[in-house]
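Visitor: Chains as they are written, first to last, in the working numbering: chain F, 1 to 328; chain E, 329 to 792; chain U, 793 to 1099.
Dropping the structure in here first, questions after.
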Amino acid sequence: MDKKYIVSPNPHIHANVSTTSIMRDVIIALCPAILVSVLAYGWAELLVLAVSVLSCVLLEWAVTRWMMKRPSTVGDLSAVVTGLLLAMNLPSAIPLWIVFIGAFVAICVAKLPFGGIGQNVFNPAITGRVFLLVSFPAQMTNWNPTPGFVALPDAISGATPLSALKEALKSGSTIPQFMEANGYDLASFLWDAGASAGEISAGALLLGFVYLLIRRVVKPWIPVAVLGTMAIISAIFSGINPEVYTGVQFNLLTGGAMLGALFMATDYVTSPMSTLGGVIYGIGIGVIAMMIRYFGSYPEGMSFAILLMNCTVPLLNMWFHQKKYGRA
Amino acid sequence: MGKLTFSMGGVHPHDSKFSRACAIEELPLPQTVYVSMAQHLGAPAKPLVAPGDKVVVGQVIAEPGGFISAFVHSPVSGTVKAVAPRKDLAGNPVMHVEIAVEGDEWDPAIDRSQDLVTAIPDDKAAILDKIKAAGVVGLGGATFPTHVKLSPPPGKVAECLILNGAECEPFLTSDFRIMVERPKEIVVGAAIMQKVLGGCPCVIGIEENKPEAIASMSAAVAELGYPGIQVQVLKKRYPQGGEKQLIDAVMHRQVKSGGLPIDVGAVVQNVATSLAVYEAVQKNKPLITNVLTITGDQIPVSQQHNYLFRIGIPLSYIVEHAGGIPDSAAKLISGGPMMGKAISNLDATTVKGSSSVLYLSEAATRRQPETNCIRCGKCADACPMGLEPFLLNRLYKVGDLDALEQNAAQDCIECGCCLYSCPAHIPLLDQIRQAKGQVMGVIRARAAAAKAAAEAAKAAAEAK
Amino acid sequence: MTQTFIWTVAILTVLGLLLALILFWVARKFKVEEDPRIDEVEKVMPGANCGGCGFAGCRAFADAAVKAPNLDNQYCPVGGDEVMQKVASILGFTVAAKAPQVAVVRCNGTCEARPRTNEYDGAESCRVKAALYSGDTGCAFGCLGCGDCVAACQFGALSMDPATGLPVVDEDKCTACGACAKACPKHIIELRLKGPRGMREFVSCMNKDKGPAAKKACANACIGCGLCAKTCTHDAITVTDNVAYIDFNKCKLCRECEAVCPTGAIHGVNFPKELDKEAVKKRIADRKAKAAEAAKAAEEKKEVANG
Chain F
1 MDKKYIVSPN PHIHANVSTT SIMRDVIIAL CPAILVSVLA YGWAELLVLA
51 VSVLSCVLLE WAVTRWMMKR PSTVGDLSAV VTGLLLAMNL PSAIPLWIVF
101 IGAFVAICVA KLPFGGIGQN VFNPAITGRV FLLVSFPAQM TNWNPTPGFV
151 ALPDAISGAT PLSALKEALK SGSTIPQFME ANGYDLASFL WDAGASAGEI
201 SAGALLLGFV YLLIRRVVKP WIPVAVLGTM AIISAIFSGI NPEVYTGVQF
251 NLLTGGAMLG ALFMATDYVT SPMSTLGGVI YGIGIGVIAM MIRYFGSYPE
301 GMSFAILLMN CTVPLLNMWF HQKKYGRA
Chain E
329 MGKLTFSMGG VHPHDSKFSR ACAIEELPLP QTVYVSMAQH LGAPAKPLVA
379 PGDKVVVGQV IAEPGGFISA FVHSPVSGTV KAVAPRKDLA GNPVMHVEIA
429 VEGDEWDPAI DRSQDLVTAI PDDKAAILDK IKAAGVVGLG GATFPTHVKL
479 SPPPGKVAEC LILNGAECEP FLTSDFRIMV ERPKEIVVGA AIMQKVLGGC
529 PCVIGIEENK PEAIASMSAA VAELGYPGIQ VQVLKKRYPQ GGEKQLIDAV
579 MHRQVKSGGL PIDVGAVVQN VATSLAVYEA VQKNKPLITN VLTITGDQIP
629 VSQQHNYLFR IGIPLSYIVE HAGGIPDSAA KLISGGPMMG KAISNLDATT
679 VKGSSSVLYL SEAATRRQPE TNCIRCGKCA DACPMGLEPF LLNRLYKVGD
729 LDALEQNAAQ DCIECGCCLY SCPAHIPLLD QIRQAKGQVM GVIRARAAAA
779 KAAAEAAKAA AEAK
Chain U
793 MTQTFIWTVA ILTVLGLLLA LILFWVARKF KVEEDPRIDE VEKVMPGANC
843 GGCGFAGCRA FADAAVKAPN LDNQYCPVGG DEVMQKVASI LGFTVAAKAP
893 QVAVVRCNGT CEARPRTNEY DGAESCRVKA ALYSGDTGCA FGCLGCGDCV
943 AACQFGALSM DPATGLPVVD EDKCTACGAC AKACPKHIIE LRLKGPRGMR
993 EFVSCMNKDK GPAAKKACAN ACIGCGLCAK TCTHDAITVT DNVAYIDFNK
1043 CKLCRECEAV CPTGAIHGVN FPKELDKEAV KKRIADRKAK AAEAAKAAEE
1093 KKEVANG
């Protein structure tokens, strides 16, 4: 044979998926929610998104090329996803230098020191967000909406529903009173849960998630477990005492529950491999998040819950395996 | 019954059956054929001819080299030129009998007419002897001697004969063509095997993407009217034609790790094997021909063929006859794109189990550079054995054989689904195959040690 | 406030003491009695845990050494004689000095000498490649070039030469642990005596094909012509399966074989002077002529005696 033909072990064809194509799908899935948030919060939100994504990408490129001396992994788009998720967890009025710090923590603390994509223990975007939350509590809870491109039907000012509620409960009012005063109903939850970009529209997030399901990028078990657990816990507690404990709808649609359950908890790297492990992981997130919401001092607990459950992933991977063929 | 499929894993590659409309053509004879002595699983056959001997078509030229081995027959008439090692597909030396073709004189005992013989002989032992003497081996890929598979060990009863017409590998159409063109012979073959196995029911499993084959096989089953044979439509899913997967799909039973299909009452035979059984028993024709597909992802249909070839014809001759290697080809494969072997040596000869020459283009086959595992679990989702390839790969790299055995590396069927679906392009199967080999070595060594210990104990007991 | 402080200190102190007591008791109760000499032997070992001695690690070696009746079956290739003497003195044995060895790569099928016939595209591992097929050159016996030996070496003594595509042994770093020889699926790497001042002679080829086939696959191949064996005056060279092998215990480093080898498959390393092939060939020719003369003379003598 004159031409040198390729020889390799089987299989000789490939499914044409790559890390890049998966990340591209995640970005596409985030688009509806991003669109809604930009429409709602205008240029400021766009800037936050741009700064977050650009910082993540540049930092990843710089660190891999100059410090780790290996080929850059920017091309796999994972830094873009991290940047988008981080930005979607921030208020639009946040100073841009804080966004950069968040990106720095996400990429240079949570991701690359562990060996880059696939090796990190904690979800980078959430690590960045939690770092900012404890370091800059004032800026991180400044939920004054910036002027958007379209007027929101009932924009809330000052605080997210959950923190507003915590304040209201402290001052002695009950949940039905709060609900009445702030005019929440199902429609406004679906299209305006007034908060950071990622939390505005549960509908848009769900739309994106359905896309991921159709593209077989993720499986539904983890989000179902997270949201199901949260729903059950809030149903029980609000059933016992609706005066003090918030209801199912409220808990599922506020405080980043949707964003966290659909896009952060399902992060491949920091979630368990097996279905059963994933369900347990999801239940853990749901329980911790609800405990923080009901009994903790922070208004919402998704980020902390996911970070805490990230720690358990190696154990869950060790304990729970797929069902094997021909073995009990 | 609806469409069936196996219960875990699997992938859905594009079926690419471009050559499905190409009717089977008979390949003319070359000047020389090289008959390999290692055409079957098990011990190589022992040559019975010497240079200078005259042979006719169908004459035995080699006898089994062990219990799991098979007879080899001359596919042509002519003079034996040499009995010498020659490089096989992978470039490793294997004993071959080289025969210079002179005319086409057949052994008179072979019935060469096209008449269908539907009456099945009564004597099971005679049927088995005929199958053994004809050198019939499984043509689904493993080339396991058929007479061994059709003789269940004492205490084991065959409850179902599964005829494998899944042909789940993309591109291949040889099984499809014989199901369309020679359905009746296949059904008679199935009835013969049923008889040997004690009259168990027979299920012919065909994937849904072959409606013509389903129609022709169903018609043949109805027309011939043997009891207990039915056609079962299967969903399109790779590796449906894997023995363990097919048993799972058809019988909803799973073979235990290290076990054999007969443990759950199943015997699986390929449709091509069934045709070979028919020819052996009803026509006295040994296994000297098979059907092979020439196809590829970027070649015109005019250059694609389904050939009826004499076993022993060199690949280079077939390739030349089909119009040479197309320019677009970057890789040549013998077998399907998922489990086939890359051809590094076109001088290699065809063997009983040859099913295709497949040309794949650079774009279709070139592997992408490996990147970090992103722990997506796609490999575990794709594994039809429920293994966790990412874990096995990691354990292999640290050399932890105990953990590999615990995580069932030895159960791997090397179907390639893990590597096919890995977005990080990690050569999972390449490594896991090594891990499997090492674990099997450990298991065999342990079994041998246990056997030796038992024998020693027995000897000691007898000495007392 | 003060009270809280005192309580904290007190509780922690008590807790600490309690745990210390438990630990002490457990350590006493579950102490494994071991020969103290195991620790001593382990201390003098190199501590690389390379497994070159055939044991799982240095401690396993020490354990076995302490239990063994003598040290004949044990040798630490990394530490060499120095370490073995120390081990022997601890255990009261005597050991004979062993000549140091070094890993030798027996393939010189460089990229130019051995043209590629196909392109390998699988996992970058010799073991995987060897299991798949005979290799991406015409030679089924030569180096596969994926660097399993380099990965197996714990001492950084092996590296792939990008120009030749073959592994190169750094003799200063090589400890002759044999890990590379075990890792090589083609068994190309052999442990050979290092030789006086590192000088040694070896056949750098494993090709068992017949001459023409070997030559076609690789210009540097041993073609099994047997010239070297015929030339060798020390009976050190044997040709089996079309490939020559030099017994390093018999070789006297005269370099005659190297001079007569038509393909340059025989390599001599670390010799102070470049080999002057013509001079050596002349020497061989002279010797043969002399021998022929002597034989003739003897014949004549015989004839005379008979006559």
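Beta carbons: idealized from backbone N, C-alpha and C, even for Gly.
Using a cut-off of 8 Å between C-beta atoms, extract the partners of residue 911/U located in chain F.
Guide: Counted from its first residue, the third sequence places residue 911/U at position 119. Ordered by position in chain F, the residues that pass the 8 Å Cβ test against residue 911/U are 4, 5, 6 and 7.
Visitor: Cα separation between residue 142/F and residue 66/F?
Guide: On the first sequence, residue 142/F is found 142 positions in, with the first residue counted as 1. On the first sequence, residue 66/F is found 66 positions in, with the first residue counted as 1. Going from the Cα of residue 142/F to the Cα of residue 66/F covers about 36 Å.
Visitor: Which runs of the beta strand (DSSP E) fall wholly inside the stretch 650-724 of chain E and span at least 3 residues, in chain order?
Guide: Entirely contained in the stretch 650-724 of chain E, the beta strand (DSSP E) runs reaching 3 residues are, in chain order, 657-662 and 684-689.
Visitor: If you pair each beta-carbon of the stretch 436-452 of chain E with each one of the stretch 509-524 of chain E, do three or more pairs fall below 8 Å?
Guide: At 8 Å Cβ cutoff, the stretches touch.
Visitor: Between residue 1059/U and residue 1042/U, how many whole angstroms is the CB-CB distance? I'm expecting something under 8 Å.
Guide: Translated into positions along the third sequence, residue 1059/U becomes position 267. Translated into positions along the third sequence, residue 1042/U becomes position 250. Not quite, the Cβ-Cβ distance comes to about 17 Å (not below 8 Å), so this is no contact.
Visitor: Give the interface partners of residue 55/F over in chain E, defined as CB-CB distance under 8 Å, in chain order.
Guide: The residue you call residue 55/F lines up with position 55 of the first sequence. Those within 8 Å of residue 55/F in chain E number zero; the least Cβ separation is about 22 Å.
Visitor: Report yes or no: is there a C-beta of chain E within less than 7 Å of the C-beta of residue 155/F?
Guide: By one-based count along the first sequence, residue 155/F stands at place 155. The predicted position of residue 155/F is uncertain, since its pLDDT is 47 and thus under 50; a value taken from the coordinates is nonetheless stated next. Chain E, which has no Cβ nearer than 7 Å to the Cβ of residue 155/F, makes this no.
Visitor: Do you know offhand how far residue 155/F's Cα is from residue 145/F's?
Guide: Here residue 155/F refers to the residue found at position 155 when the first sequence is read from its first residue. Here residue 145/F refers to the residue found at position 145 when the first sequence is read from its first residue. Because residue 155/F carries a pLDDT of 47, less than 50, the predicted location of this residue cannot be relied on, and no value is offered for it.
Visitor: Residue 350/E and residue 649/E: beta carbons closer than 7 Å?
Guide: Numbered from its first residue, the second sequence carries residue 350/E at position 22. Numbered from its first residue, the second sequence carries residue 649/E at position 321. No; because the gap between Cβ atoms is not below 7 Å, this pair is not in contact.
Visitor: Along chain F, in chain order, which residues have C-beta atoms closer than 8 Å to that of residue 494/E?
Guide: One-based indexing of the second sequence puts residue 494/E at position 166. Per Cβ cutoff of 8 Å: no residues; residue 494/E is ~17 Å from chain F at best.
Visitor: Which residues of chain U have a Cβ atom closer than 9 Å to the Cβ of residue 744/E, listed in chain order?
Guide: For this step, residue 744/E is matched to residue 416 along the second sequence. Neighbours of residue 744/E on chain U: none; closest Cβ ~12 Å, over 9 Å.
Visitor: At 4 residues or longer, what runs of the alpha helix (DSSP H) sit wholly inside the stretch 993-1056 of chain U?
Guide: Here the runs fully enclosed are 1003-1009, 1019-1023 and 1048-1052.
Visitor: Output yes or no for whether 7 Å exceeds the beta carbon distance between residue 870/U and residue 848/U.
Guide: On the third sequence, residue 870/U is found 78 positions in, with the first residue counted as 1. On the third sequence, residue 848/U is found 56 positions in, with the first residue counted as 1. It is not a contact, given that the beta carbons lie outside the stated cut-off.
Visitor: Taking residue 676/E and residue 417/E to be in contact with their CB atoms under 8 Å, please state how far apart those CB atoms are, rounded to whole angstroms.
Guide: In the second sequence, the residue the question calls residue 676/E occupies position 348. In the second sequence, the residue the question calls residue 417/E occupies position 89. About 4 Å separates the two Cβ atoms, so the contact holds.
Visitor: For residue 932/U and chain E, any beta-carbon pair shorter than 7 Å?
Guide: Along the third sequence, one-based indexing puts residue 932/U at 140. Yes, because at least one Cβ of chain E sits closer than 7 Å to the Cβ of residue 932/U.
Visitor: Based on Cα-Cα distance, which residue from 685/E, 576/E, 596/E and 622/E lies nearest to residue 337/E?
Guide: Start at 1 with the first residue of the second sequence, and residue 337/E comes out as number 9. Out of 685/E, 576/E, 596/E and 622/E, 576/E has the C-alpha closest to the C-alpha of residue 337/E.
Visitor: Less than 7 Å between CB atoms is the rule here; does residue 327/F satisfy it with respect to chain C?
Guide: No chain C appears in the structure shown, which is made up of the protein chains F, E and U.
Visitor: Would you say residue 1057/U and residue 1096/U are within 7 Å of each other, going by their C-beta atoms?
Guide: As a first step, residue 1057/U must be located in the third sequence, where it is residue number 265. As a first step, residue 1096/U must be located in the third sequence, where it is residue number 304. Not a contact, by the Cβ cut-off of 7 Å.
Visitor: Tell me residue 423/E's beta-bridge partners as DSSP assigns them.
Guide: Counted from its first residue, the second sequence places residue 423/E at position 95. BP columns for residue 423/E point to 413/E.
Visitor: Output yes if chain E places a C-beta closer than 7 Å to the C-beta of residue 15/F; else output no.
Guide: Residue numbering aside, residue 15/F sits at position 15 when the first sequence is read from its first letter. By this cut-off, residue 15/F is an interface position.
Visitor: Hey, residue 918/U and residue 938/U are a contact pair by Cβ (cut 8 Å); roughly how many whole angstroms apart?
Guide: As a first step, residue 918/U must be located in the third sequence, where it is residue number 126. As a first step, residue 938/U must be located in the third sequence, where it is residue number 146. 4 Å between Cβ atoms; contact.
Visitor: Rounded to a whole number of angstroms, what is the C-alpha to C-alpha distance between residue 837/U and residue 831/U?
Guide: In the third sequence, counting from the first residue as 1, residue 837/U sits at position 45. In the third sequence, counting from the first residue as 1, residue 831/U sits at position 39. If you take the alpha carbons of residue 837/U and residue 831/U, they lie about 10 Å apart.
Visitor: Can you check whether the C-beta of residue 18/F is within less than 7 Å of a C-beta belonging to chain E?
Guide: To locate residue 18/F, count along the first sequence from 1; it is residue 18. Interface residue, yes.
Visitor: Could you tell me which of 236/F, 326/F and 201/F sits nearest to residue 88/F, measuring between CA atoms?
Guide: Position 88 of the first sequence, counted from the start, is the residue given in the question as residue 88/F. Comparing Cα positions, the closest option is 201/F.
Visitor: Please state whether DSSP places residue 1060/U in a helix, a strand or coil.
Guide: Looking up residue 1060/U in the third sequence gives position 268. The answer is strand: DSSP assigns residue 1060/U an E or B state.
Visitor: Can you tell which of 895/U, 878/U, 825/U and 862/U has the C-alpha that lies nearest to the C-alpha of residue 975/U?
Guide: Here residue 975/U corresponds to residue number 183 of the third sequence, with the count starting at 1. Minimum Cα distance to residue 975/U is reached at 895/U.
Visitor: Expressed to the nearest angstrom, what Euclidean distance is found between the alpha-carbon atoms of residue 583/E and residue 589/E?
Guide: The residue labelled residue 583/E in the question sits at position 255 within the second sequence. The residue labelled residue 589/E in the question sits at position 261 within the second sequence. Cα to Cα, residue 583/E sits roughly 6 Å from residue 589/E.
Visitor: Ends of the beta strand (DSSP E) at residue 533/E?
Guide: On the second sequence, residue 533/E is found 205 positions in, with the first residue counted as 1. Counting along the chain, the beta strand (DSSP E) containing residue 533/E begins and ends at 530-535.
Visitor: What is the rounded straight-line gap between the Cα of residue 377/E and the Cα of residue 369/E?
Guide: Indexing the second sequence from 1 puts residue 377/E at position 49. Indexing the second sequence from 1 puts residue 369/E at position 41. For residue 377/E and residue 369/E, the distance between alpha carbons rounds to 22 Å.
Visitor: Can you confirm whether residue 924/U, when its beta carbon is compared against all beta carbons of chain F, has any partner nearer than 7 Å?
Guide: In the third sequence, residue 924/U corresponds to position 132, counting from 1. Closer than 7 Å to some Cβ of chain F, the Cβ of residue 924/U qualifies, so yes.
Visitor: If I'm right that residue 82/F touches residue 56/F with Cβ under 8 Å, what's the distance once you round it to whole angstroms?
Guide: Here residue 82/F corresponds to residue number 82 of the first sequence, with the count starting at 1. Here residue 56/F corresponds to residue number 56 of the first sequence, with the count starting at 1. Between residue 56/F and residue 82/F the Cβ distance is about 5 Å, and since that is below 8 Å, they are a contact.
Visitor: Got a sec, what are the start and stop residues for the alpha helix (DSSP H) residue 317/F sits in?
Guide: Reading the first sequence from its first residue, position 317 is the one you call residue 317/F. Its alpha helix (DSSP H) spans residues 302-319.
Visitor: On the three-state DSSP scale, how would you describe residue 330/F?
Guide: This structure leaves residue 330/F out entirely; chain F is present only between 1 and 328.
Visitor: Quick test of your reading: residue 465/E and residue 680/E, contact by CB under 8 Å. State the CB separation rounded to the nearest angstrom.
Guide: Translated into positions along the second sequence, residue 465/E becomes position 137. Translated into positions along the second sequence, residue 680/E becomes position 352. Between residue 680/E and residue 465/E the Cβ distance is about 5 Å, and since that is below 8 Å, they are a contact.
Visitor: Can you check whether the CB of residue 672/E is closer than 7 Å to the CB of residue 999/U?
Guide: Working through the third sequence from its first residue, we reach residue 999/U at position 207. Working through the second sequence from its first residue, we reach residue 672/E at position 344. No, the pair does not count as a contact, with Cβ atoms beyond the cut-off.
Visitor: Tell me, please, whether the CB atom of residue 852/U is closer than 7 Å to any CB atom in chain E?
Guide: Indexing the third sequence from 1 puts residue 852/U at position 60. No, residue 852/U does not count as interfacial toward chain E.
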